[in-house]
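Enquirer:
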Amino acid sequence: MLLSLIIPTYNESKNIPILIERIAQTLSNISKEVIIVDDNSPDKTWEIARTLSNEYPWLRVIRRMSDRGLSSAVLAGFEISEGDVLAVMDSDLQHDEKALLSFITAFEKGADIVVGSRKVAGGGIEDWSPFRKFVSWSATLLAKIALTKSVSDPMSGFFGIKRKIYETYKHEINPRGFKILLEFLARAKNTQIEEVGYTFRGRIHGESKLSSKVIFDYIFALYELSIGKYLPTQFIKYGIIGFSGLIIATAIIFICQHFTNLSKSYSIALSIEISIITNFYLNNYWTFKNFKLKGLWKIIRGLATFHAICLGGALINQAIALKMLTYGMDVYLSNAFGYFIAAIWNYIINVNITWKGKPEHG
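As C-alpha cells, then:
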C-alpha cells in the first residue's frame, strides 16, 4: 500500500524541516510519497522543501504561482499523487505524524475515510483557550445538524481517504470549499469511516489562522453542503447584501423625508441609486468573490453593467412602490415590497452577465 501524504504550506519555512524529519523517522518502514503544495510563500518554504527533497527522494514539491487556498492546494496534491491511499496534514507541527500509522492500519482493515480526531479515545488538545474550545464544540454541533455523516471532529484538517473514493467524487468537490474533509463527508455514499485519536499540539512557530472569517466560511460551507443544492449560497449572500441595501435605501428615504423638501418619488429614486452603488461593491468583494472584477477599467465597466441591469430593477422597484402607495400602503413598506421583487430580477440577470466568467480558485 502506497501512502500519498499531502501537506499544504504557506510561510512555514521554520516548521517544514522539522516536520519532514519527523515523518522520515515515523514512516521509515512505510511506502510513501510526501507532496508539499506551497502557494509561493514569501518566506520561500518551497525552496527549503526542494532542498530537503535532495535528501529525501520520496519528497515532492509543487510551487503554485497563481492559485491560492488550502482546499485547492489539497486537490492539486491529490491530482498528481500516485498512492493507494491519500492523506492530508497541516505543516505547523500541530498534527501528530505518529497517528499516520493508525491511519494505515484502519485502511488495511477496510476503512474508506479515516479522520484524525481530538475528541475520541486517545485524542486531546495541548493548549486551547476556552474560546477555541467553544468554537470547536459549536462547529461539531453544527456539522451534526447539517451533515448526514457525523464525526466527532468535523473541522479536522488531518484525514485520509482511499483513492477509489477520491476518484469517484473528485468532480463534485468544490476547490474553493472551506474543508475538503467536509466535502467528502457530505458527498461520498456508502463509505466506512473510522476515527483515530491524536493529541493536537501547541504551535512552535507561526500564528494560528483561526479568525472570524474562518468561522463565517465554515458556517457557509455547512449551509452549501446541506441546503445549498436547493437554495444556492450565492443567492443567500446576494440577499444579505440586498437587505443591507434596503436598510441603506430606507435610511436615505428617512433623511430625505425629514430633513429635505424632496417628494416621496424623488426620495425613493435617490435611495435606489445609492443602494445600487453600495450593492455593486459589496457583491463584487463578497457574493461573487470568486468572479471578482479587478482593475479600474473592469470595475468601471462592471459598475456600468450592474447599473444598467439594476435600472430595470429600479423601474420595477419604483413602479411597484408607487402603485402600493396608491393603495394607501406606508412609503417604507411600499419601497421594501418593490425592492424585493427588483432584487430577484437583478440577481438572475447579474449572475449571467456582470459576473459571468471563469472562477478563481482559492
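In terms of UniProt numbering, the sequence shown has 127 at position 127, counting the first letter as 1, and numbering is strictly consecutive. Ideal placement from N, C-alpha and C gives every residue a C-beta, glycine not left out. Every value quoted in this text rests on a predicted model; they were computed, and no experiment measured them.
1. Report the three-state DSSP secondary structure of Thr199 (helix, strand or coil).
2. Look up Lys44 in the DSSP assignment and say whether it is helix, strand or coil.
3. Which residue from Trp286, Ile348 and Leu185 puts its Cα closest to that of Phe216?
4. Please report the distance separating the alpha-carbon of Gly242 from that of Pro232.
5. Along the chain, where does the alpha helix (DSSP H) that runs through Lys164 open and close?
6. Here's the rule: buried if 16 or more other CB atoms are within 10 angstroms of the residue's CB, otherwise exposed. What is Ile353?
7. Ordered along the chain, which non-local residues of its own chain (more than five positions away) have a Cβ less than 8 angstroms from that of Gln318?
8. Would you mind listing the alpha helix (DSSP H) stretches within the stretch 125-161 that are 4+ residues and don't spill past its ends, in chain order?
9. Determine which residues share a DSSP beta bridge with Asp39 and list them.
10. Please state whether the Cβ-Cβ distance between Asp90 and Thr199 is less than 8 angstroms.
11. Would you decide whether Gly245 is buried or exposed? Buried here means 16 or more other CB atoms lie within 10 Å of its CB.
12. Taking only the alpha-carbon atoms, compute the straight-line gap between His361 and Asn290 and give it to the nearest angstrom.
13. How about the stretch 30-42 and the stretch 113-122: do they share at least three Cβ pairs that are nearer than 8 angstroms?
14. Using 8 angstroms as the cut-off, can you tell me whether the stretch 127-137 makes contact with the stretch 76-85, which would need three or more C-beta pairs spanning the two stretches below that distance?
15. Please report the straight-line C-alpha distance between Leu141 and Ala221, rounded to a whole angstrom.
16. Name the one or two DSSP bridge partners that Phe194 has.
17. Helix, strand or coil: which one does DSSP assign to Gly362?
18. Is DSSP giving Ile341 helix, strand or coil here?
19. Taking a contact to mean a Cβ-Cβ separation below 8 angstroms, would you say residue 363 touches Thr45 in this structure?
20. For Val74, name the three-state secondary structure that DSSP assigns.
21. I'd like to know whether the C-beta atoms of Ile180 and Ile104 end up nearer to each other than 8 angstroms.
22. Ala269 lies in the beta strand (DSSP E); which residues open and close that run?
23. What separation, rounded to the nearest whole angstrom, lies between the Cα atoms of Gly124 and Lys98?
24. Could you tell me whether the Cβ atoms of Arg64 and Ser53 are closer together than 8 angstroms?
Expert: Concretely, from the data shown:
1. strand
2. coil
3. Trp286
4. 15 angstroms
5. Arg163 to Tyr169
6. exposed
7. Ser265, Ile268, Ala269, Ile272 and Gly338
8. 130-146
9. Its beta-bridge partners do not exist; DSSP assigns none.
10. no
11. buried
12. The predicted position of His361 is uncertain, since its pLDDT is 47 and thus under 50; a value taken from the coordinates is nonetheless stated next. Their Cα atoms are separated by approximately 7 angstroms.
13. no
14. no
15. 14 angstroms
16. Checking the sequence, you will find Glu at residue 194 rather than Phe. Beta-bridge pairing links Glu194 to Val114.
17. Annotation note: pLDDT 46 at Gly362 (below 50); position unreliable, no value reported.
18. helix
19. Because the chain in this structure spans residues 1 to 362, residue 363 falls outside the shown range and cannot be described.
20. helix
21. no
22. Note, Ala269: premise wrong, no beta strand (DSSP E); alpha helix (DSSP H) at Lys264 to Leu282.
23. 14 angstroms
24. no
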